[in-house]
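Chemist:
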Amino acid sequence: MHEMGICDGILSSALRAAEDAGARRITRIEVSIGELTEVVDEALRFAFETLRRGTMADQAELVVNLVQARSECADCGAAFRHDRFDPKCPECGSYVVRLTQGKELRIDAIDAE
Ligand SMILES: [Zn+2]
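And the structure:
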């Protein structure tokens, strides 16, 4: 379950940022997760609930924005959504495509007080 490691990274960054800002507790952490990262939302939440115990994010809410996988065709320029197994252009059938989103793994916002 790689969600533990990912969540650990998210939580450490959030805690560091909140400490630097002189906050006493974190109320909310918002993250964007690309669907190609294969992070399972439920597993990430479980990891979060386990790892936040005893930290200043103990009561924090975790908001996950799932980012769909999208690519752009190098041959015809079409932009399209796809799943992780079939990044094929629906317009011309080309497999020469460039991923434009879907591998995000970032913290969008940290609310602390
Ligand atoms: Zn195309």
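First residue of the sequence shown: 26, per the numbering used here; consecutive thereafter. Glycine is no exception: its CB is placed at the ideal position from the N, C-alpha and C atoms. Quantities reported herein were computed from a predicted structural model and do not represent experimental measurements.
Could you tell me if residue 74 is buried or exposed, where buried requires 16 or more neighbouring beta carbons within 10 angstroms of its beta carbon?
Modeler: exposed
Chemist: Are residue 151 and residue 28 close, meaning C-beta to C-beta below 7 Å?
Modeler: The displayed coordinates of the chain run from 26 to 138. Any statement about residue 151 would go beyond what the structure contains.
Chemist: Under the rule that 16 or more other beta-carbon atoms within 10 Å means buried, what is residue 112, buried or exposed?
Modeler: buried
Chemist: Could you please go through the chain and list the residues whose beta-carbon is closer than 5 Å to any non-hydrogen atom of ligand 1?
Modeler: 98, 100, 101, 103, 114, 116, 117, 119
Chemist: Note down the Cα distance separating residue 33 from residue 39, rounded to an integer number of angstroms.
Modeler: 10 Å
Chemist: Quick check on the DSSP output: the alpha helix (DSSP H) that includes residue 73 runs from which residue to which?
Modeler: 66-76
Chemist: Under a Cβ-count criterion, where at least 16 other Cβ atoms within 10 Å of its own Cβ denotes burial, should residue 125 be classed as buried or exposed?
Modeler: exposed
Chemist: With H, G and I counted as helix, E and B as strand and the rest as coil, what does DSSP make of residue 63?
Modeler: coil
Chemist: Okay, do the segment 91-100 and the segment 41-48 touch, 3+ Cβ pairs below 8 Å being the bar?
Modeler: Between the segment 91-100 and the segment 41-48 there are fewer than three C-beta pairs closer than 8 Å, too few to call the two in contact.
Chemist: Taking 7 Å as the limit between beta carbons, can you name the residues of its chain near residue 128, skipping five residues before and five after?
Modeler: 59, 61, 62
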